[in-house]
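So the protein lines, in turn, are chains S and V.
Quick note, the first sequence lines up with residues 0 to 305 if you use numbering that gives the first Met the number 0.
Quick note, the second sequence lines up with residues 0 to 305 if you use numbering that gives the first Met the number 0.
Beta carbons: idealized from backbone N, C-alpha and C, even for Gly.
Number of protein chains: 2
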Amino acid sequence: MNEIKVFSPATVANVACGFDVLGFCLDSVGDDMVIRKVEKKGIHITRIEGFDLPHEAELNVAGVSALAMYDAIDVDFGFEIEIYKNIKPGSGIGSSAASAVGSVFGMNELIGRPFNKTQLTEFAIKGEALASKCEHADNLAPALFGGFTLVKSIKPLQILEIPSPDDIYATIIHPQIEIKTSESRAILPKEVALADAITQWANVGSLVHALHTSDYDLIKDSLHDVIVEPHRSKLIPYFNEVKEAVLNAGALGCGISGSGPSIFSVNKGLETANKVKEAMERIYSKTGITFDIHVSKINTSGVKIV
Amino acid sequence: MNEIKVFSPATVANVACGFDVLGFCLDSVGDDMVIRKVEKKGIHITRIEGFDLPHEAELNVAGVSALAMYDAIDVDFGFEIEIYKNIKPGSGIGSSAASAVGSVFGMNELIGRPFNKTQLTEFAIKGEALASKCEHADNLAPALFGGFTLVKSIKPLQILEIPSPDDIYATIIHPQIEIKTSESRAILPKEVALADAITQWANVGSLVHALHTSDYDLIKDSLHDVIVEPHRSKLIPYFNEVKEAVLNAGALGCGISGSGPSIFSVNKGLETANKVKEAMERIYSKTGITFDIHVSKINTSGVKIV
């Protein structure tokens, strides 16, 4: 096998209470990538469609993660990468993570899978760092492993796969505004009230328990963020209106996807997920802001060969 | 049935990362109580052995929780309570919780179990509040439910029963020094670094996952407290020495039990728990401080009829 086509999925990081540690994987939105073994040594990005991104491997997220892996293997050939980008950069649903994951996953398949998914995440972190200026894995982990993941620590890298009920669907609205990463970081407090932190870790523990036990009511009770959302939601127009409408439409929970501007909801069943989509549309169609909405089952397998 | 004998167990609250929310139940140490239906209406504490505690129901933890339940039922009889106290008050292993739980559990059994365990916890919270000056349930929940518990919230009261592996043993040393509750509260910061809070909720999520999956290595990796222990450990003589010796002896984790002064460890297997006991003894026997050590399997059923 010299060529492989890969689907690298979008992801939702933070998941309300789990800032910086939790994430889940989407099914219906993601990038397509082609990875090809070629004689010419090195990493060569030969085609990018969808968005205007750099072709130089060392300036491209998929290229940097590929180079990190390429440096760790000893081969007398190279790789070409084609990127068919569907996830808009800056949308808050793991666009850079999908790129970073797709290249290393595809290369690993082509050379007989010498690396496990945690090792692939280590390479992909290098690509993600190019985009977000810091090493984090809260989008990479769900993109590689699928389902719900908890990044327990970065050094050493520890990723936990949390089971989830079958009937969970996400609805995500991407308002096409730009939030600068620097701004979404600067707005966070360096210190938080101990009482709020306790509420947050009670919710994280309880969400993990709820996912293990398929307890939808408890999932709903756990999807609250008292730490980050009160600050970052100010950067997202109509966040409070959307959240209220989404919860009224029956969602289990609603919050900021990654650092925004996308807003995610978690729902029991496709019917509710579609009602939530309508509620999001109702609010945003009046605002004059362009938006996309995705409805997706939780993707339990992550990045895959297509 | 007009009389019942109850074993009301000691408990460990906080469990390293889970400050204010997690707890587990012990098997080999606890109070014995006798609860008796009598003609004379009201709650009457007729006997207390072991420690000098008030006999007036409204001044006694077991009495206050009993009164809270008595006010909620409509009966033409009363209850006598005898308390054979084995858990030293102020030891940090849930002495007041055991008293608060024993009376309401026993009364509930005698009147045909009209209340579930969460409702019993609501009554017991009133007794616990007499001792600790605030309403909390992190010792009450494991004493009533057994095993590991997560108190997700107090209002409304939500208690989650987290499963645990069969082979977990706790070793607990109680150095017989007094730590004033006011002091152990005052030493805690009102605000904590966001980065530390993230570490803590990653550990809480990861511990819940580890307990669900019987992953001992992950239990070990999760039992860290970066928020409270750095402050409260200063109040416990030789805490750092004990912790180091305990971890060297093979414990999965070690921390402050409740607000101290007891130090708990969690171990895989009885053999390790006994080695940890020896390690604790080696350190403390040189200090001149009187101490007790308990080795106990996790008690998965909680308070019980004997």
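Where residue i falls: helix, strand or coil (DSSP)
i: V/Asp30; result: strand
i: S/Ala250; result: coil
i: V/Thr289; result: coil
i: S/Glu240; result: helix
i: V/Asn273; result: helix
i: S/Ile42; result: strand
i: S/Ala15; result: coil
i: V/Lys296; result: strand
i: S/Lys87; result: coil
i: V/Ser264; result: strand
i: S/Val191; result: strand
i: V/Thr212; result: coil
i: S/Ser7; result: strand
i: S/Pro174; result: strand
i: V/Phe78; result: strand
i: S/Phe50; result: coil
i: V/Gly62; result: helix
i: V/Gly257; result: coil
i: S/Lys233; result: helix
i: V/Ala161; result: Here the sequence assigns Ile to residue 161 of chain V, which means Ala is not the residue at that position. Here V/Ile161 sits in strand by DSSP.
i: V/Leu25; result: strand
i: V/Ile167; result: strand
i: S/Ile304; result: strand
i: S/Glu2; result: strand
i: S/Lys179; result: coil
i: V/Val203; result: helix
i: S/Val37; result: strand
i: S/Leu222; result: coil
i: S/Gly93; result: coil
i: V/Val20; result: coil
i: S/Ser102; result: helix
i: V/Ile197; result: helix
i: V/Asp73; result: coil
Cβ shell of residue i (< 6 Å), same chain only, five flanking positions each side left out
i: S/Ile262; result: Ile172, Val241
i: S/Ser95; result: Val60, Glu127, Ala130
i: S/Ile42; result: Ala56, Gly62, Ala65, Leu66, Tyr69, Phe78
i: V/Lys296; result: Asp26, Tyr168
i: V/Ser264; result: Thr170, Val245, Ala250, Cys253, Val275
i: V/Pro164; result: Ser213
i: V/Arg46; result: Glu81
Cutoff 8 Å; reference residue i; Cβ partners in own chain excluding five residues on either side
i: V/His230; result: Ile186, Leu187, Pro188
i: V/Ala248; result: Thr271, Lys274, Val275, Glu277, Ala278
i: S/Ser205; result: Leu217, Asp220, Ser221
i: V/Val227; result: Asn13, Phe18, Leu187, Ile255
i: V/Leu234; result: Ile178, Glu182, Ser183, Ile186, Gly259, Pro260
Whole-angstrom C-beta distance between residue j and residue i, which should lie under 8 Å
i: V/Asp214; j: S/Lys151; result: Not really, about 11 Å apart at Cβ, beyond 8 Å.
i: V/Ile3; j: V/Gly105; result: 5 Å
i: S/Asp137; j: S/Gly29; result: Between S/Gly29 and S/Asp137 the Cβ distance is about 17 Å, and since that is not below 8 Å, they are no contact.
i: S/His208; j: V/Ile161; result: 6 Å
i: S/Pro304; j: S/Glu108; result: The amino acid at residue 304 of chain S is misidentified as Pro; the sequence shows Ile. Rounded, the Cβ-Cβ distance is 6 Å, consistent with contact.
i: V/Pro141; j: V/Gly257; result: About 11 Å separates the two Cβ atoms, so there is no contact after all.
i: V/Cys24; j: V/Asn298; result: 4 Å
i: V/Glu280; j: S/Glu190; result: The Cβ separation is near 40 Å, so there is no contact.
i: S/Asp166; j: S/Lys267; result: 6 Å
i: V/His211; j: S/His211; result: 5 Å
Distance cut-off 6 Å: residue i Cβ against heavy atoms of the ligand FMN
i: V/Thr117; result: With respect to small molecules bound, the structure shown includes none, and the ligand FMN cannot be examined in it.
Own chain residues within Cβ distance below 7 Å of residue i, not counting five before or after
i: V/Val103; result: Ser64, Ala65, Met68, Leu119, Phe122, Ala123
i: S/Ile288; result: Pro174, Gln175, Ile176, Pro236
i: S/Phe76; result: Lys36, Val37, Glu38, Lys40
i: S/Leu370; result: One cannot answer for residue 370 of chain S here, as it falls past the ends of chain S, which runs 0 to 305.
i: S/Cys16; result: Gln199, Asn202, Val203, Leu206, Ser221, Leu222, His223, Asp224
i: S/Phe290; result: Ile172, His173, Pro174, Gln175, Tyr283
When the options are compared against residue i, the one with the closest alpha-carbon
i: V/Ala97; options: V/Phe76, V/Asn85, V/Ser256; result: V/Asn85
i: V/Leu269; options: V/Ile288, V/Pro260, V/Ile282, V/Leu251; result: V/Leu251
i: S/Ala12; options: S/Glu134, S/Val5, S/Val20; result: S/Val20
i: V/Ile82; options: V/Ile44, V/Ala15, V/Thr148, V/Leu159; result: V/Ile44
i: S/Asp73; options: S/Pro88, S/Asn298, S/Pro113; result: S/Pro113
i: V/Lys116; options: V/Ile80, V/Thr286, V/Asn298, V/Ile158; result: V/Ile158
i: V/Ile197; options: S/His135, S/Gly49, S/Ile34; result: S/His135
i: V/Ala9; options: V/Lys285, V/Gly146, V/Glu190, V/His211; result: V/Gly146
i: S/Lys87; options: S/His54, S/Phe50, S/Met32; result: S/Phe50
i: S/Ile153; options: S/Cys133, S/Ala71, S/Phe144; result: S/Cys133
i: S/Ile34; options: S/Ser232, S/Asp195, S/Glu280, S/Asn1; result: S/Asn1
i: V/Ile292; options: V/Val5, V/Val191, V/Phe6, V/Ser90; result: V/Ser90
i: S/Phe6; options: S/Pro53, S/His54, S/Leu143, S/Leu58; result: S/Leu143
Where in the region 109-158 of chain V do unbroken runs of the alpha helix (DSSP H), each at least 4 residues long, occur, reported from the N-terminal end onward?
Segments of the alpha helix (DSSP H) lying fully in the region 109-158 of chain V: 116-131, 139-144.
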